[in-house]
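Worksheet: the structure to be examined is printed underneath.
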Amino acid sequence: MLNAFGLDIETLENKFRALKNDIKLIFFTREAGCPHCKDARSLFETVASITHKIAFDSFNFAIDAEKDREYHIMAVPALAIIGEKDYGIRYYGCPEGMALSNFLDDIVYVSRGESALKPDVAIKLARYKKPVQLKIFISHYCPYSLPVAKLALKLAIASDDIKVDIIHADEFLELAQKYNVRGLPMTVVNEKKSFYGALDEEEYVQRIIELA
Numbered sequence: 275m276l277n278a279f280g281l282d283i284e285t286l287e288n289k290f291r292a293l294k295n296d297i298k299l300i301f302f303t304r305e306a307g308c309p310h311c312k313d314a315r316s317l318f319e320t321v322a323s324i325t326h327k328i329a330f331d332s333f334n335f336a337i338d339a340e341k342d343r344e345y346h347i348m349a350v351p352a353l354a355i356i357g358e359k360d361y362g363i364r365y366y367g368c369p370e371g372m373a374l375s376n377f378l379d380d381i382v383y384v385s386r387g388e389s390a391l392k393p394d395v396a397i398k399l400a401r402y403k404k405p406v407q408l409k410i411f412i413s414h415y416c417p418y419s420l421p422v423a424k425l426a427l428k429l430a431i432a433s434d435d436i437k438v439d440i441i442h443a444d445e446f447l448e449l450a451q452k453y454n455v456r457g458l459p460m461t462v463v464n465e466k467k468s469f470y471g472a473l474d475e476e477e478y479v480q481r482i483i484e485l486a
C-alpha cells in the first residue's frame, strides 16, 4: 500500500527489520516562513510510525533556542538523526524522489552504527584526529549528489571528529548563496574551502584531509 509520499508501507517494514539500535528523529520547524516544513514533518512522522524502533520529536526553531544550539541547527526544516549516539548528522530539507530512498537507507546506517567503509579508508580516517565540519549541498534528483551524501554520512558514523550537514540546495537558496554554490554536489570543509563532484571513497577522504 502506497501512502501520500509514495512510500510502500510493507517495503518500509521489511527495510526497517535491519534496524539495530533505536533511532530518534528530532525535527526542527517553525510556523511561518517555512514552505517545506509541513510536508517534511508529515513525512518524518510517517517514517517513525512504521516501527517502534524509531521515535519522533519536534521543536520550534523560532522558540526553542536552547535546542537549536544543542543540536547546532541553522535553518528549517531540519532533522537530527540520532542512533546509539549523536553522530552529528543533520539533514536539511524534505527528501523526495531518489533522495527519499537515500534518506531511508541513511536511517538504517545510523541505527546499525556501521560505516561500511573500505578497510584502508577507515584506517586513514581513524588516524586523522582533527575536527571536521562538512556541508554537503545536494539536489533531490541529481544522481551524483546522493552517493556523496551517503559517503559523508558514513564518515560521520566512522569518526567522532566528523560532523555532517546534508543540505538540499533548492530548498535553501540563502545557504546556497552564502556558500557560493555553483554546481552540485558541493562539499564545504570547515566553512572555508569547498570542492565539487562525486569522488570514490579514497579520493573523497584524501580531499577532505587536504582541505581541513
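Under the numbering used here, the first residue of the sequence shown is numbered 275, with each subsequent residue one higher.
For every residue, glycine included, the Cβ atom is placed at its ideal position computed from N, Cα and C.
Practice problem: Give the range of the beta strand (DSSP E) segment to which Phe301 is assigned. | Solution: As a position in the sequence shown, residue 301 is number 27, starting the count at 1. That run of the beta strand (DSSP E) goes Ile297 to Thr303.
Quiz prompt | Ala354 vs Tyr366 beta-carbon contact at 8 Å | solution = As a working note, residue 354 is residue 80 in the sequence shown. As a working note, residue 366 is residue 92 in the sequence shown. Not closer than 8 Å, so no.
Quiz item: Is there a Cβ from chain D that is less than 8 Å from the Cβ of Leu408?
Solution: Among the chains in the structure shown there is no chain D, since it carries only a single protein chain.
Quiz item: If you run the structure through DSSP and keep just helix, strand and coil, what is Lys312?
Solution: Here residue 312 corresponds to residue number 38 of the sequence shown, with the count starting at 1. Three-state DSSP puts Lys312 in a helix.
Quiz item: For Arg315 versus Phe301, is the C-beta distance shorter than 8 Å?
Solution: As a first step, residue 315 must be located in the sequence shown, where it is residue number 41. As a first step, residue 301 must be located in the sequence shown, where it is residue number 27. Yes, Cβ-Cβ distance for Arg315 and Phe301 is below 8 Å.
Quiz item: What is the residue span of the alpha helix (DSSP H) that Phe377 lies within?
Solution: Along the sequence shown, one-based indexing puts residue 377 at 103. That run of the alpha helix (DSSP H) goes Met372 to Arg386.
Quiz prompt | Whole-angstrom C-beta distance between Glu370 and His414, which should lie under 8 Å | solution = Here residue 414 corresponds to residue number 140 of the sequence shown, with the count starting at 1. Here residue 370 corresponds to residue number 96 of the sequence shown, with the count starting at 1. Right, the Cβ-Cβ distance comes to about 5 Å (below 8 Å), so this counts as a contact.
Quiz prompt | Alpha carbon of Asp394 to alpha carbon of Glu476, nearest angstrom | solution = For the purposes of this step, residue 394 is taken as residue 120 along the sequence shown, with counting starting at 1. For the purposes of this step, residue 476 is taken as residue 202 along the sequence shown, with counting starting at 1. So the two alpha carbons sit approximately 8 Å from each other.
Exercise. For the alpha helix (DSSP H) holding Tyr478, just list the boundary residues, first then last.
Key: Start at 1 with the first residue of the sequence shown, and residue 478 comes out as number 204. Glu475 to Leu485 is the span of the alpha helix (DSSP H), which, as asked, contains Tyr478.
Quiz item: What residue from Ser332, Ala423 and Ala432 has the CA that sits closest to Ile412's CA?
Solution: Taking the first residue of the sequence shown as position 1, residue 412 is located at position 138. Cα-wise, what sits closest to Ile412 is Ala423.
Exercise. Could you have a look at Met275 and say whether DSSP puts it in helix, strand or coil?
Key: As a position in the sequence shown, residue 275 is number 1, starting the count at 1. At Met275, the pLDDT of 47 sits below 50, so the modelled position is not reliable; the number obtained from the coordinates is stated separately. Coil, per DSSP.
Quiz item: Is it right to say Asn454 is buried, meaning 16 or more other beta carbons lie within 10 angstroms of its own, or is it exposed?
Solution: By 1-based counting over the sequence shown, the position of residue 454 is 180. Its Cβ having fewer than 16 others within 10 Å, Asn454 is exposed.
Quiz item: Taking C-beta to C-beta, are Ser419 and Leu458 nearer than 8 Å?
Solution: Here residue 419 corresponds to residue number 145 of the sequence shown, with the count starting at 1. Here residue 458 corresponds to residue number 184 of the sequence shown, with the count starting at 1. For Ser419 and Leu458, yes; Cβs fall inside 8 Å.
Quiz item: Would a C-beta distance cut-off of 8 Å place Leu378 and Lys289 closer than the cut-off?
Solution: Here residue 378 corresponds to residue number 104 of the sequence shown, with the count starting at 1. Here residue 289 corresponds to residue number 15 of the sequence shown, with the count starting at 1. For Leu378 and Lys289, yes; Cβs fall inside 8 Å.
Quiz item: Residues in its own chain within less than 7 Å of Lys392 by CB, not counting five upstream and five downstream?
Solution: Within the sequence shown, the letter at position 118 stands for residue 392. Excluding positions up to five away in sequence, the list reads Glu475.
Quiz prompt | Ile482 and Val384 closer than 8 Å at C-beta | solution = Position 208 of the sequence shown holds residue 482. Position 110 of the sequence shown holds residue 384. Against a cut-off of 8 Å, the Cβ pair of Val384 and Ile482 comes out as no contact.
Self-check item: Three-state secondary structure assigned by DSSP to Ala292
Solution: Position 18 of the sequence shown, counting from 1, holds the residue named residue 292. Ala292 falls in the helix class under three-state DSSP.
Quiz item: Since Thr320 and Val350 are thought to touch, with beta carbons under 8 Å apart, how far apart are those beta carbons, to the nearest angstrom?
Solution: Here the question's residue 320 lines up with position 46 in the sequence shown. Here the question's residue 350 lines up with position 76 in the sequence shown. Not confirmed; about 18 Å, so no contact.
Quiz item: Cα-Cα, which of Phe330, Gly357 and Leu374 is closest to Gly280?
Solution: Locating residue 280 in the sequence shown gives position 6, counting from the first residue. Nearest C-alpha to Gly280: Leu374.
Quiz item: So the beta strand (DSSP E) Val438 belongs to, where does it begin and stop?
Solution: Position 164 of the sequence shown, counted from the start, is the residue given in the question as residue 438. Val438 -> beta strand (DSSP E) spans Ile436 to His442.
Quiz prompt | Which residues DSSP lists as bridging Tyr365, in chain order | solution = In the sequence shown, counting from the first residue as 1, residue 365 sits at position 91. Leu353 and Ile440, per the DSSP bridge assignment.
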